[in-house]
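Enquirer: Please see the structure below; I have some questions.
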Amino acid sequence: MKVGSTVLFILFFGVNCFAQYDIKGKIKGLSKSEVYLAHYFGYNQQVVKDTVIANESGEFQFKGSETLPKGLYLISFLKSKYIDVVLEDANFSFSLDTTDILKSISFTNSEENTAFYSFQRNMNEFYTQLNQPTLSVDLRKNLQTQVQQFQQQWKSKNTGLFVSKLIESSFDPEIPTYKGALKSKADTTRMQMYQYQYYKKHYFDGMDLSDERMVRTPFLQRKLERYFKDLVVQDPDSIAIDSDWILAKAKDTEVRRYIIYKIASTYENNPILGTDGAFVHVAEKYYIGEPALWDTSTVRRMKERIAIIKPLLLGKSFPKMHLTDVAGKEINIAALPFNYTVVFIYDPECSHCKQETPKLVALNDFFKSKNIGVVGSSIVRDKAAWKKFISEFNTSSWINGIDIHLNPRTGKEEFYTDFRNTFDVYSTPVVYVLDQQKKIVGKRIPVENLKDFIQYLESKRK
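When we follow the working numbering, the leftmost residue of the sequence shown carries the number 54, and every step to the right adds one.
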C-alpha cells in the first residue's frame, strides 16, 4: 500500500464536506507501532491526515478538533496491512485481529462501516463457494442468483448510506438481453455493437457525479481510466466528445475539477499519436473557459502549455526552425524537396541521442528509396561538439543544422530558435515527421518505429 502526503494539484481541490473526528481502535497483533489515517485521492494516491502510536495492547486513538473531508479512508498499520473505513460519522471505534481482519473486524457507533463490512463478509463467503473447482453448473447458477438477491436486499436496506453509493459505483451496468435476430455474422456484429453502445452509455449510471465524496475514493479514478482506455476511440475528436459528455454530468465542483484534471493529465503527453489534441480541447474549454474553478497559476500554466502544443498538433504546418548548415548557409526546411522529412532534434552530449542516432542512420537506404530527407538539429550551440557528433555518427547524408547565425553587420553570432517553447523539446531526442507540404504528420515517434510508420502513411495515400 502506498501512503503519501503530497498529491499533484492537491491545492486545487477544496473540501466542503467535513467531520470532526474521534476514532478509537484496538488491533490484536499490533504493539507500539505507527498507525496512519489517510483518505483516498483516486486509487493510487492517499493523503495522510493523522499518525499515532499504538500502545502495547494495540490500542490507539485518532482525535482532532479540526474537520476532515468526508469520504473513504484507510487505516494503515504493520507496513503492509490496512483497512478501509468510511468517514461519515467520524466518532466511532473498532477492533480487529490481524490473523483474520475481515472475519474479526467490528464497529461501534458506525452504521456506515458496519454495513460496509457486512457486505464484504457476505460477498467473500459467496465468492469462496463460487470458486470451488467441483461446483456443479446448477449449484453455480443457484449461488449467482443468491448473490443478486443479497445485493438487492442489502442495497434496499442501506439506501441513504454513503457506503451504498460506494458499492454501487464499483458495479458495471447490466446489459439487457439483445432481442434481435442472430442468424448471420452481420446479426452478431449488430448485437455486439448494441452491447458496446449500451454499456458505454450506462457506464457511469452507478457513479454519483454530484457527490464530492467520490473524489476521495478509489472508484472514480478507476472508472475514468477504464472508460477512456477501453471504451473511447483514441483520436482527439472522440476523446473530446466523450470528455464533454462526462463533464456535462459532473455538476459538483470537486468532482468536476478532478475529472478535468485526470483527462488533461492523461492526454497532455500521451504516447498515442495525436491525442494531445484532446488535451488542448479540455484545457481551452475547462481550464481557460472555466477560470473560477482554478487558481491563477494553474490557468496561466495551461495557457502556456496550449501556446506550445497547439501549433504542433497533427496537420499543422511545421514552425520556422532557424538553422544553418556546416558551411554557414541558412536551411529552409519549407523548401526541401522530399516526400517526407524527418526532423531529429538532439543534444550532442545526450546519451539517449547517441543510442538513437545509429538506428536512424541505419535507415538511410530506406529513406533514399522513398525520397525521405533527415534534418538533424542540435539544440546545443557549440560548433565543435556539433561537428564531432556529425563525424562520430556519420550523419553526413543528413541535412545537419545548428542555430548559430552570423550577423553581417556586427560579425557576432546570434541565436533565433527557442527549441523548448516552439518545438516542445523538454527532453532529447525529439522526432517530427513532415509530409511534402511540411505539415506535421507524426511526432515523438520512436526511431525503431519510423520505417513502419512511414509505410503506414504511404499506404493511406494509395
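C-beta atoms are modelled at their ideal positions from N, C-alpha and C, and glycine is treated no differently.
How would you call Arg309, buried or exposed, if buried means at least 16 neighbouring beta carbons within 10 angstroms?
Expert: So Arg309 ends up on the buried side.
Enquirer: Using CA coordinates, which residue listed in Asn385, Phe371 and Ser370 is at the minimum distance from Thr377?
Expert: Nearest of Asn385, Phe371 and Ser370 to Thr377, Cα basis: Asn385.
Enquirer: In whole angstroms, what is the alpha-carbon distance linking Asn447 and Ile457?
Expert: If you take the alpha carbons of Asn447 and Ile457, they lie about 21 Å apart.
Enquirer: In angstroms, rounded to a whole number, what distance separates the CA positions of Tyr314 and Leu346?
Expert: Taking the straight line joining both Cα atoms gives about 11 Å.
Enquirer: Would Thr319 be called buried (16 or more neighbouring beta carbons within 10 Å of its own) or exposed?
Expert: So Thr319 counts as buried.
Enquirer: For the beta strand (DSSP E) that Phe113 lies in, which residues bound it at each end?
Expert: Start and end: Glu112 to Pro122.
Enquirer: Using a 10 Å radius around the Cβ and a threshold of 16 neighbouring Cβ atoms, would you call Tyr249 buried or exposed?
Expert: By the 10 Å Cβ count, Tyr249 comes out exposed.
Enquirer: Would you call the region 194-207 in contact with the region 225-233, where contact means no fewer than 3 C-beta pairs closer than 8 Å?
Expert: Cβ pair count under 8 Å is below three, so no.
Enquirer: What alpha helix (DSSP H) runs, 4 residues minimum, are completely inside the region 276-315?
Expert: Those alpha helix (DSSP H) runs which fall completely within the region 276-315 and span 4+ residues are 289-302.
Enquirer: State the Cα-Cα distance for the pair Ser159 and Phe332, rounded to the nearest angstrom.
Expert: In a straight line, the C-alpha of Ser159 is about 46 Å away from that of Phe332.
Enquirer: Excluding the five sequence neighbours on either side, which residues of its own chain have a C-beta within less than 8 Å of the C-beta of Arg174, listed in chain order?
Expert: Contacts found: Leu155 and Lys156.
Enquirer: Output yes or no for whether 8 Å exceeds the beta carbon distance between Ile128 and Val190.
Expert: Cβ distance not < 8 Å, so Ile128 and Val190 don't count as in contact.
Enquirer: For Tyr399, count the other beta carbons within 10 Å of its own beta carbon; 16 or more makes it buried, fewer makes it exposed. Which is it?
Expert: Buried, since its Cβ has 16 or more Cβ neighbours within 10 Å.
Enquirer: Find out if the Cβ-Cβ distance for the pair Gly117, Tyr74 is shorter than 8 Å.
Expert: In contact: Gly117 and Tyr74 (Cβ atoms closer than 8 Å).
Enquirer: Determine the DSSP secondary structure at Lys369, reduced to helix, strand or coil.
Expert: Three-state result, Lys369: coil.
Enquirer: What is the residue span of the beta strand (DSSP E) that Gly426 lies within?
Expert: From DSSP, the beta strand (DSSP E) with Gly426 extends over Ile425 to Ser431.
Enquirer: By the three-class DSSP mapping on this structure, what secondary structure does Leu459 have?
Expert: It is a strand residue.
Enquirer: At which residue ranges does the region 462-507 contain complete beta strand (DSSP E) runs of 3 or more residues, listed in the order of the chain?
Expert: Segments of the beta strand (DSSP E) lying fully in the region 462-507: 483-487 and 493-496.
Enquirer: Can you tell me which of the three DSSP states Gly330 falls into?
Expert: Here Gly330 sits in helix by DSSP.
Enquirer: Grab the span of the alpha helix (DSSP H) containing Gly195 for me, first residue to last.
Expert: With the sequence shown as reference, residue 195 is identified as Asn, and Gly is not the correct amino acid for it. First-last of the alpha helix (DSSP H) with Asn195: Val190 to Lys210.
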